[in-house]
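Engineer: Just so you know, we're using full-length UniProt numbering here: the sequence shown kicks off at 1 and counts up by one. Every residue gets a Cβ at the ideal spot worked out from N, C-alpha and C, and that includes glycine.
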Amino acid sequence: MDIDDKEEEEEEQREEKEETTTRKTKTKTKTRTTTIDDAVEVDQDDEHLLQRILHYNNNNNNNNNNNNNNNNDGNDENRRREEQEKRLHLLSQGAEARVFSTTFLGKPCVVKQRFRKKYRHPVLDQKLTRSRLFAECRSLMKARILGVQAPTVLFVDKRSSSIFMERVEGKSLKEVLKSIAAEEDEEGEEKKEEEKTTPPRNATAEDATAAPSSSSPLSSSAHRRAVKYGREIGLIVSKLHDGNITHGDLTTSNFLVHAQTDSIYVIDFGLSKTQIVGEEDIGVDLYVLERSLVSAHSREGARVWQECLRTWKETCGKSKEAFKRYEEVRARGRKRSMVG
């Protein structure tokens, strides 16, 4: 009997241990799944973004059409969804976000959505995504307060990690500089053909004192446009640096030339800094801009950069100390390119 009692007690203890372990694992899995679900719910990629856009646009349509009958709600919902899917066009995708072109409350807009990183822990990914989302919004709004032409923030959706911004109609500075270079090449070829067709004549004193032709690089329309863009970019960068903002990615792809006004807009503040901006950050900002202009657009880019740097020196209050640091950063960059 004693042996049987001991065996029964041992079995009861085992059962109790198993119950306690199962309870602990259940509680752990419950807490773990809730945190993961909360983090995943923040960003459901394209499908969730589409649902959010439909939600806001449907609310706007309902407010505008309160007097209409609601007999075909299901058909209208499907029709609006199909129309919205057609309007949601992917413009570009980078390492951190996707940019879509769509409509918001009846107006054309651009949506920048930060997608989730599967290699990161969901809770950490949620915190990083939200902090960078709000930091970019602060930089955009602060830049507009400083007088910089940047897209207007229309709405921020935390659940889809998206920023709804004003759509700036125009081309990137990269495309515009390429078109300017192509125009200059055409002008040069036309000038060579004219020289071939026209018979040679003896040079006179009037030819020596004549004014330069309109097709020369110094007086061409392409050169005037390059100088204009350089001044505007220099003024934009000067306002940002004086306002304690470094863009972080000043490339020709992040400057837009407005189609109607031909003015420069700056976009993509995803890598910007607004809190602690030092001379090193400003120097790196300038060096990135120089490399983007000169390396990708040798002729026109050099003209734009010369005018940009001159304007920045004249207008920026931090130009003396920051320019010295820029020269140091530039020297380091040259050494790296030489070494490889």
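(1) Along the chain, which unbroken stretches of the beta strand (DSSP E) at least 3 residues long are found entirely within the stretch 264-324?
(2) What are the start and end residues of the beta strand (DSSP E) that includes Asp-157?
(3) Pull up the DSSP beta-bridge partners for Ile-163, would you.
(4) Would you please state the rounded distance, in angstroms, between the beta carbons of Leu-256 and Ile-245? I believe it to be under 8 Å.
(5) Skipping 5 residues on each side, what residues in its chain have a beta carbon closer than 8 Å to that of Gly-333?
(6) Need the endpoints of the alpha helix (DSSP H) that Gly-230 sits in, please.
(7) Applying the 10 Å Cβ sphere with the 16-neighbour rule, what's the burial state of Ile-163?
(8) So does the stretch 233-242 actually touch the stretch 131-138, counting three or more Cβ pairs closer than 8 Å?
(9) When you compare each of Leu-88, Leu-90, Gly-94 to Gly-270 by their alpha carbons, which one comes out closest?
(10) Under the three-state reduction of DSSP, which class applies to Val-168: helix, strand or coil?
(11) Using the DSSP secondary-structure output, state which residues sit across from Thr-102 in a beta bridge.
(12) Arg-120 to Val-176, Cα distance in whole Å?
(13) Go to Val-257, then tell me how far its beta strand (DSSP E) extends in each direction, as first and last residue.
(14) Under 8 Å Cβ to Cβ from Ala-150, same chain only, skipping five residues before and after it: list those, please.
Structural biologist: With the given structure in hand:
(1) 264-266
(2) 153-157
(3) Lys-112, Val-156
(4) 18 Å between Cβ atoms; not a contact.
(5) Tyr-287, Arg-291
(6) 221-242
(7) buried
(8) no
(9) Gly-94
(10) coil
(11) Cys-109
(12) 39 Å
(13) 255-258
(14) Leu-140, Ala-143, Arg-144, Tyr-265, Val-266, Ile-267, Phe-269
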